[in-house]
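>
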């Protein structure tokens, strides 16, 4: 029902919003109601997550186990005409939830649009225990800045012709010394302004490159799911090289404690689930938790997270409908893997390797299995130990390390084995 009044918002597979070009998250509120008292048929959206970006207000309905989650919606900041100031604290305000009211343009039917013919007042009721004044300040600032109107054109840096043709007065006496000092300060100030303009231009270009990398990453992900076969070695090499480059670019809008607030770990968990898709594809469906920690922090730039934050974000995947999971081996090593990842397929590849004539004599090491499986030796060792636990392999420990052999006891039939000597 909300789709008839509010524009829809696209989401990722893990429940994170798909941001537009140049759009960055600013703040987040949980347990928020959205309604309009001016229009009777306007939907009353309850207990959702409200995300403020530089371009939109995103409303994410709560997840329910009994019914299907209704689609998320948004309010473009460009459609907002006025933001009403918050009321000062009073005795009455102590007994009801804080409210944020603003006015948007809408059609005659009440649909929010940028160039509507009528005005509509919308109220946000903040029921969570948070600081609504901080959100209101960021909301007003994002609406005032109008980042959606920002263009890539830079201001002209040419000096006026009259300035270049000005006749300079001679430097004579005390007045001349003061004039020279003032000119030096003006020159220094202009140099600093030009430097900061170049720095802002560089930052804008960097944002454009990060957004371009994000689009290419999504295209690679969609291509990997649509094209199962038919790719040669050159194409696969080019794809892996492109993935390495994309991983080094970074995340467009990393989740931070400042923007997400109390929902920091939940939103971080969803963003992490989207991020690990390419590393998992390169790692054969499983990757070490330490490697993900390094890659994820590198992509976040200066917004680094702690190991505890990463572990808590991974543990929340059990509550969300995501395609990845956290797994802990018997040795204590923790990894991230796809839910569709099957150990039986890996065990069959290990068995085909260990059944080779040379391997039947000398056995295989973790490095041999790593080359065959295309994973790190530490991960290959965990696979070999897991196969040993299943009874498929047996282990020989020597000063040179572990060597694994095929378990021939599984090939024997217990009914044909005689444990004692036959009587004469």
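Numbering (this note's numbering), first residue to last: 1 to 424.
Built from N, CA and C at the ideal position, the CB exists for glycine as well.
Because the structure is a prediction, the values reported are computed rather than measured.
Tell me whether residue 32 is buried or exposed, calling it buried when 16 or more other Cβ atoms sit within 10 Å of its Cβ.
If you number the chain shown from 1, residue 32 lands on position 32. Per the 10 Å Cβ criterion, buried.
> Counting beta carbon pairs with one atom in the segment 340–360 and one in the segment 301–311, are three or more of them shorter than 8 Å?
no
> Write down the C-beta distance between residue 267 and residue 255 rounded to the nearest angstrom, noting that I regard them as a contact closer than 8 Å.
Here residue 267 refers to the residue found at position 267 when the chain shown is read from its first residue. Here residue 255 refers to the residue found at position 255 when the chain shown is read from its first residue. Contact flag correct, Cβ pair sits at about 5 Å.
> With DSSP collapsed to three states, give me the class of residue 52.
Numbered from its first residue, the chain shown carries residue 52 at position 52. It is a strand residue.
> Can you tell me which of the three DSSP states residue 129 falls into?
The count along the chain shown starts at 1 and reaches residue 129 at position 129. Residue state, collapsed to three classes: coil.
> Should residue 275 and residue 299 be called a contact, given that it needs their Cβ atoms to be closer than 8 Å?
Within the chain shown, residue 275 is the residue found at index 275, counting from 1. Within the chain shown, residue 299 is the residue found at index 299, counting from 1. Yes. Within cutoff.
> May I ask you to list the residues that DSSP assigns as paired with residue 82?
Here residue 82 is taken as the residue at index 82 of the chain shown, counted from 1. Per DSSP, 103.
> Per the contact definition of three or more C-beta pairs closer than 8 Å, is the segment 25–44 in contact with the segment 110–128?
With the cut-off at 8 Å, the segment 110–128 and the segment 25–44 touch.
> Return helix, strand or coil for residue 121, following the three-state DSSP convention.
Translated into the one-based positions of the chain shown, residue 121 becomes position 121. Reduced to three states, the DSSP call for residue 121 is strand.
> Report yes if the CB atom of residue 323 is closer than 8 Å to the CB atom of residue 385, and no otherwise.
Residue 323 sits at position 323 when you count from the first residue of the chain shown. Residue 385 sits at position 385 when you count from the first residue of the chain shown. Contact flag unset, no.
> Does the beta-carbon of residue 410, which I'm using as the reference point, lie nearer than 7 Å to any heavy atom of the ligand SAH?
No copy of the ligand SAH appears in this structure; indeed no ligand is present at all.
> Taking the continuous beta strand (DSSP E) assigned at residue 401, which residues delimit it?
Within the chain shown, the letter at position 401 stands for residue 401. Note, residue 401: beta strand (DSSP E), 401–406.
> Label residue 40 either buried or exposed according to how many other C-beta atoms from any shown protein chain fall within 10 Å of its C-beta, with 16 as the threshold for buried.
As a first step, residue 40 is located in the chain shown; it is residue number 40 there, counting from the start. Under this definition residue 40 is an exposed residue.
> How many angstroms separate the CA atom of residue 193 from the CA atom of residue 334?
Locating residue 193 in the chain shown gives position 193, counting from the first residue. Locating residue 334 in the chain shown gives position 334, counting from the first residue. In this model, residue 193 and residue 334 are separated by some 50 Å (Cα to Cα).
> DSSP on residue 325, reduced to helix/strand/coil?
Position 325 of the chain shown, counted from the start, is the residue given in the question as residue 325. Residue state, collapsed to three classes: strand.
> Within the continuous alpha helix (DSSP H) that includes residue 297, where are the two ends?
One-based indexing of the chain shown puts residue 297 at position 297. Start and end: 289–300.
> Do residue 426 and residue 24 have their CB atoms nearer than 8 Å?
Past the edges of the chain, shown from 1 to 424, lies residue 426, and the structure says nothing about it.
> Taking all protein chains shown into account, decide if residue 145 is buried (16 or more other Cβ within 10 angstroms of its Cβ) or exposed.
One-based indexing of the chain shown puts residue 145 at position 145. So residue 145 counts as exposed.
> Leaving out five residues before and five after residue 172 in sequence, what residues of the same chain have Cβ atoms less than 7 Å from its Cβ?
Residue 172 sits at position 172 when you count from the first residue of the chain shown. Caution applies to residue 172, whose pLDDT of 47 falls short of 50 and renders its modelled position unreliable; the value that the coordinates give is listed next. No residues qualify anywhere along the chain.
> Using the beta-carbon count (16 or more within 10 Å), is residue 16 buried or exposed?
Your numbering for residue 16 matches position 16 in the chain shown. So residue 16 ends up on the buried side.
> Report all residues from its chain with a CB closer than 6 Å to the CB of residue 86; omit the five preceding and five following residues, and keep chain order.
Here residue 86 corresponds to residue number 86 of the chain shown, with the count starting at 1. 136, listed in sequence order.
> Would you report the Cα separation of residue 60 and residue 287, rounded to the nearest angstrom?
Counting from one through the chain shown, the residue named residue 60 turns up at place 60. Counting from one through the chain shown, the residue named residue 287 turns up at place 287. Whole-angstrom Cα-Cα distance: 31 Å.
> With H, G and I counted as helix, E and B as strand and the rest as coil, what does DSSP make of residue 190?
Here the question's residue 190 lines up with position 190 in the chain shown. In the structure shown, residue 190 sits in a helix (DSSP, three-state: H, G or I).
> Can you give me the Cβ contacts of residue 402 inside the same chain, cut-off strictly under 8 Å, excluding the 5 residues immediately before and after it?
Locating residue 402 in the chain shown gives position 402, where the first residue counts as 1. So the qualifying residues of the chain are 365, 366, 381, 384, 395, 396.
> Judging by CA-CA distance, which residue of 273, 352, 343 is the nearest neighbour of residue 320?
Taking the chain shown and counting its residues from 1, the one referred to as residue 320 is at position 320. The option with the nearest alpha carbon to residue 320 is 273.
> Within the same chain, show all residues whose beta-carbon is closer than 6 Å to that of residue 110, passing over the 5 residues directly before and after it, in chain order.
Mapped onto the chain shown, residue 110 falls at position 110. Cβ neighbours of residue 110 beyond the five flanking positions: 5, 39, 42.
> With 16 as the cutoff for other CB atoms within 10 Å, does residue 30 come out buried or exposed?
Locating residue 30 in the chain shown gives position 30, where the first residue counts as 1. With 16 or more Cβ atoms within 10 Å of its Cβ, residue 30 is classed as buried.
> Using a 10 Å radius around the Cβ and a threshold of 16 neighbouring Cβ atoms, would you call residue 157 buried or exposed?
In the chain shown, residue 157 corresponds to position 157, counting from 1. Its pLDDT being 39, under 50, residue 157 is placed unreliably by the model, and the measurement read from it follows with that caveat. Looking at its Cβ environment, which holds fewer than 16 other Cβ atoms inside 10 Å, residue 157 is exposed.
> Which residues in the same chain as residue 363 place their Cβ atom closer than 7 Å to its Cβ, once the five residues preceding and following it in sequence are excluded?
Locating residue 363 in the chain shown gives position 363, where the first residue counts as 1. For residue 363, same chain residues with a beta-carbon under 7 Å away, outside a window of 5 residues either side, are 396, 403, 404, 405 in chain order.
> In this structure, what does DSSP give as the bridge partners for residue 59?
To locate residue 59, count along the chain shown from 1; it is residue 59. Its beta-bridge partners are 50, 73.
> Run the CB neighbour count on residue 118, radius 10 Å, all protein chains shown included, and call it buried at 16 or more, exposed below.
In the chain shown, residue 118 corresponds to position 118, counting from 1. With fewer than 16 Cβ atoms within 10 Å of its Cβ, residue 118 is classed as exposed.
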